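At position 76 of the sequence shown (counting the first as 1) the number is 76 in full-length UniProt numbering, and the numbers step up by one without a gap.
All residues carry an ideal CB built from backbone N, CA and C; glycine is no exception.
As the structure is a prediction and not an experimental result, all values here were calculated from the model.
Worksheet: the structure to be examined is printed underneath.
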Amino acid sequence: MDKQSGYTWKLGMFVTIGLLLFILAVYFIGKQKNLFGSTFRITSSFKTVSGLEIGNNVRFSGINIGTIDEIQLVNDSTVVVGMVIKDDVREFIKTDAKASIGSDGLMGDKVLTITPGAKSQKAVENNAQIASLSGIEMNDIMKTVKKSMDNVSVISEELAIFSHSMNNGNGALAKLMRDPGMANTMDKTLSNLEKGTKGFSENMEAAKSNFLLRGYFKKKEKEKEEKIEEAKEKKEEQQEKAKKEKEEKLKEEKKKAEEEAKKAEETKKDKK
Numbered sequence: 001m002d003k004q005s006g007y008t009w010k011l012g013m014f015v016t017i018g019l020l021l022f023i024l025a026v027y028f029i030g031k032q033k034n035l036f037g038s039t040f041r042i043t044s045s046f047k048t049v050s051g052l053e054i055g056n057n058v059r060f061s062g063i064n065i066g067t068i069d070e071i072q073l074v075n076d077s078t079v080v081v082g083m084v085i086k087d088d089v090r091e092f093i094k095t096d097a098k099a100s101i102g103s104d105g106l107m108g109d110k111v112l113t114i115t116p117g118a119k120s121q122k123a124v125e126n127n128a129q130i131a132s133l134s135g136i137e138m139n140d141i142m143k144t145v146k147k148s149m150d151n152v153s154v155i156s157e158e159l160a161i162f163s164h165s166m167n168n169g170n171g172a173l174a175k176l177m178r179d180p181g182m183a184n185t186m187d188k189t190l191s192n193l194e195k196g197t198k199g200f201s202e203n204m205e206a207a208k209s210n211f212l213l214r215g216y217f218k219k220k221e222k223e224k225e226e227k228i229e230e231a232k233e234k235k236e237e238q239q240e241k242a243k244k245e246k247e248e249k250l251k252e253e254k255k256k257a258e259e260e261a262k263k264a265e266e267t268k269k270d271k272k
């Protein structure tokens, strides 16, 4: 008899624990799928849902606010997606909000994201329809990556051809790179250019010493000195003006402080 009652007690505990776990599972799943609490429903139309399924999350500003409860094919170019959303976020979803389909991470589940509008101040009503945006598909990303890789391949081939032509070609640039005589000619040209520049400087100095042009250059130098002197005087005037303004400001502050001290002293005497 004691043995049978022990088995009955264990069975009762097992059933009770299982029932509690079942209730907890139903509660958490229902909470995530918005089976409990006040909700409202909106829809949006897409050309393609890109693998979106019933039960996937609906997000607003990165927060899960609801789930997908219906995906209906209307015609060959329109799919209507129904969303069940928590009622306490309705005030943030305006009539000009837009829905888009994305991924939870690079290879994660599809999610529907609601982007807030910019102009409307009116919240959406129950069973309202909001506009949609076409999201970036993984196929589009892969096409872009493939195009970039093709461009890199073409550039690499062109660089290889250019390098080969530089080493083995007969063009002017290739000859210049390989021909010592051409290199010497370039060195001489640069040397002559340097000498010509030096000669030009010497000629300018000689022109300054020439009695016919001496007056012209002296006039230019005098004008330059006058401009420097004028700028110097202007700077000194500005500094002097700033100094006077600073002194006047200090005097005013000192006078104000003395008046306040005198006023405080008089107030103190009156209180006595």
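Inset, instruction - Pull up the distance between the alpha-carbon of Lys263 and that of Lys255, whole angstroms please. - result: Position 263 of the sequence shown, counted from the start, is the residue given in the question as residue 263. Position 255 of the sequence shown, counted from the start, is the residue given in the question as residue 255. Rounded to the nearest angstrom, the gap between the Cα atoms of Lys263 and Lys255 is 12 Å.
Inset, instruction - Report yes if the C-beta distance between Phe46 and Ser148 is below 8 Å; otherwise report no. - result: Numbered from its first residue, the sequence shown carries residue 46 at position 46. Numbered from its first residue, the sequence shown carries residue 148 at position 148. Contact annotation: Phe46 and Ser148 have beta-carbon atoms that are not nearer than 8 Å.
Inset, instruction - Identify whether Val84 lies in helix, strand or coil by the three-state DSSP scheme. - result: Within the sequence shown, numbered from 1, the residue matching residue 84 stands at position 84. Note: Val84 maps to strand in three-state DSSP.
Inset, instruction - Grab me the residues of Val80's own chain with a C-beta within less than 7 Å of its C-beta, minus the 5 sequence neighbours each way, in chain order. - result: In the sequence shown, the residue the question calls residue 80 occupies position 80. Closer than 7 Å at Cβ, skipping near neighbours: Thr43, Ser45, Gln72 and Val74.
Inset, instruction - Taking 8 Å as the cut-off, decide whether the C-beta atoms of Lys112 and Ala128 are in contact. - result: On the sequence shown, position 112 is the one that residue 112 refers to. On the sequence shown, position 128 is the one that residue 128 refers to. Strictly speaking, residue 112 in this sequence is Leu, with Lys absent from that position. No. Outside cutoff.
Inset, instruction - For my contact list, Leu52 and Lys110 are in at a C-beta cut-off of 8 Å; report their separation, rounded to the angstrom. - result: Residue mapping note: residue 52 aligns to position 52 of the sequence shown, counting from 1. Residue mapping note: residue 110 aligns to position 110 of the sequence shown, counting from 1. Going by Cβ atoms, the distance from Leu52 to Lys110 rounds to 4 Å, so yes, they are a contact pair.
Legend entry - Rounded straight-line distance, which links the Cα of Ser134 to that of Ile101: For the purposes of this step, residue 101 is taken as residue 101 along the sequence shown, with counting starting at 1. For the purposes of this step, residue 134 is taken as residue 134 along the sequence shown, with counting starting at 1. Computed Cα separation, rounded: 7 Å.
Inset, instruction - State buried or exposed for Met13, treating a residue as buried only when at least 16 other CB atoms are found within 10 Å of its CB. - result: Translated into the one-based positions of the sequence shown, residue 13 becomes position 13. Residue environment: Met13 is assigned as exposed (fewer than 16 neighbouring CB atoms within 10 Å of its CB, all protein chains considered).
Legend entry - Cβ-Cβ distance between Asn57 and Thr67 below 8 Å: For the purposes of this step, residue 57 is taken as the residue at position 57 of the sequence shown. For the purposes of this step, residue 67 is taken as the residue at position 67 of the sequence shown. The answer is yes: Cβ separation under 8 Å.
Legend entry - Per-residue burial, Gly18 [other beta carbons within 10 Å of its own, 16 or more giving buried]: Locating residue 18 in the sequence shown gives position 18, where the first residue counts as 1. The residue in question, Gly18, is exposed, as its Cβ has fewer than 16 Cβ neighbours within 10 Å.
Inset, instruction - Select from Lys269, Lys94, Ala242 and Ile85 the residue whose C-alpha is nearest the C-alpha of residue 299. - result: Past the boundaries of the shown model lies residue 299; the chain is included only from 1 to 272, so the question cannot be answered.
Inset, instruction - Taking only the alpha-carbon atoms, compute the straight-line gap between Phe211 and Glu223 and give it to the nearest angstrom. - result: The sequence position of residue 211 within the sequence shown is 211, counting from 1. The sequence position of residue 223 within the sequence shown is 223, counting from 1. Interpretation of Phe211 is limited by its pLDDT of 49, a score under 50 that renders its predicted location unreliable; no figure is taken from the coordinates.
Legend entry - Cβ-Cβ distance between Phe40 and Asn151 below 8 Å: Residue 40 sits at position 40 when you count from the first residue of the sequence shown. Residue 151 sits at position 151 when you count from the first residue of the sequence shown. Annotated as distal: Phe40 and Asn151, with beta-carbon spacing of 8 Å or more.
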